[in-house]
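In my numbering, the protein residues as written are 17 to 307.
Have a look at the structure below, then the notes.
Now the structure itself:
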């Protein structure tokens with residue numbers, strides 16, 4: 017993808033930037049920035065695209081993104097509807113290892129943290145007790161300043177570097193890519209896919225959105241996402257199918273068609289390929305008890 021560069025505000029008085037987002041939906045442009053990012057989500061649901069992977073996000077999630085890692089946090093369509101009272105709320109901590117200093121990051125005591133920062137080049141989502149503990153500390157970061165903010169950041173990094181309850185978000189480390197001039201084309205393409213994934217999207221239709229021939233579009237899309245158009249579209253559909261499986265009372269076949277698939281066999285095959293579980297297995301493992 018062709019991301020846009022995002023400049024986080026800096027001052028001479030602060031080396032750690034904390035940003036609280038509270039609005040209808042999150043910033044939905046594909047972007048990157050030179051700082052490492054640690055985010056704790058309070059409310060809001062949607063789809064997180066990091067590097068070459070697509071994953072659902074929701075309240076309570078904690079994820080860490082390395083420097084210059086392209087990503088987009090796309091809220092569900094309900095958050096964009098006029099008059100919606102839904103709120104997307106999260107706190108993000110941005111810091112640069114360069115500003116912390118090579119000498120400091122190179123200390124023996126910082127070895128596990130340095131490995132964590134390196135691993136974050138693939139994006140990491142955390143689970144379990146480490147996630148819960150750091151989630152509350154991330155929210156607290158917006159209410160403290162000075163050396164207390166630095167101390168709490170180090171505590172967050174310590175906890176995250178010691179846990180084995182995590183999942184990589186991208187299969188490979190991906191740095192910033194290309195120029196910013198293609199951003200509108202990719203943004204329009206992604207918006208079309210997210211808005212119409214439940215429909216029978218034709219390759220010709222999405223190529224027209226990008227103002228390209230189908231051959232040129234396939235080559236363009238594969239170069240920027242490392243995936244074919246059909247594979248990427250299926251991942252969007254399966255991510256939303258996962259949401260419906262855990263939050264609705266619809267049957268698997270109903271969810272299949274609601275997700276944009278036109279036959280159950282293909283839906284089951286794609287679901288197993290992406291999640292390593294069948295829809296039935298996923299349902300048993302993750303559906304909320306009250307459903």
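C-beta: ideal position from N, C-alpha, C; glycine also.
Quick caveat, the model's predicted, so the values are computed rather than measured.
Rounded separation between residue i and residue j - CA only
i: residue 43; j: residue 186; result: 20 Å
i: residue 266; j: residue 211; result: 21 Å
i: residue 231; j: residue 60; result: 37 Å
i: residue 144; j: residue 229; result: 46 Å
i: residue 154; j: residue 165; result: 10 Å
i: residue 285; j: residue 257; result: 13 Å
i: residue 129; j: residue 240; result: 30 Å
i: residue 101; j: residue 216; result: 30 Å
i: residue 213; j: residue 225; result: 14 Å
i: residue 293; j: residue 148; result: 26 Å
i: residue 299; j: residue 104; result: 26 Å
i: residue 307; j: residue 288; result: Model confidence at residue 307 stands at a pLDDT of 44, short of 50, so the residue's coordinates are unreliable; what they give is reported in the following sentence. Going by the C-alpha atoms only, they are around 23 Å apart.
i: residue 237; j: residue 160; result: 43 Å
Supposed contact pair residue j and residue i - C-beta distance, whole angstroms, cut 8 Å
i: residue 260; j: residue 252; result: In fact, because the Cβ distance is near 13 Å, the residues do not count as touching under 8 Å.
i: residue 31; j: residue 111; result: 7 Å
i: residue 107; j: residue 133; result: Not a contact, Cβ separation roughly 19 Å.
i: residue 79; j: residue 141; result: 4 Å
i: residue 52; j: residue 83; result: 6 Å
Local conformation of residue i per DSSP, three classes
i: residue 135; result: helix
i: residue 161; result: coil
i: residue 293; result: coil
i: residue 196; result: Low confidence applies here, because residue 196 scores a pLDDT of 49, under 50, leaving its location unreliable and the question unanswered by this model.
i: residue 287; result: helix
i: residue 210; result: helix
Cutoff 7 Å; reference residue i; Cβ partners in own chain excluding five residues on either side
i: residue 242; result: 68
i: residue 219; result: 230 and 245
i: residue 176; result: 80, 132, 142, 146 and 150
Own chain residues within Cβ distance below 6 Å of residue i, not counting five before or after
i: residue 268; result: 295
i: residue 197; result: Residue confidence is low: residue 197 scores 49 on pLDDT, short of 50, so the model does not pin down where it sits. Its coordinate-derived value is still stated next. Once the five neighbours on either side are set aside, residue 197 has no close Cβ partner at all.
i: residue 54; result: 80 and 109
i: residue 302; result: 262
Checklist entry - Residue ranges of each beta strand (DSSP E) run of no fewer than 3 residues wholly in the stretch 219-267, ordered along the chain? => result Listed in chain order, nothing qualifies, since the stretch 219-267 has no complete beta strand (DSSP E) run of 3 or more residues.
Checklist entry - Fully enclosed by the stretch 74-104, which beta strand (DSSP E) runs are 3 residues long or longer? => result The stretch 74-104 is shown to contain whole beta strand (DSSP E) runs of 3 or more residues at 78-81 and 87-91, in chain order.
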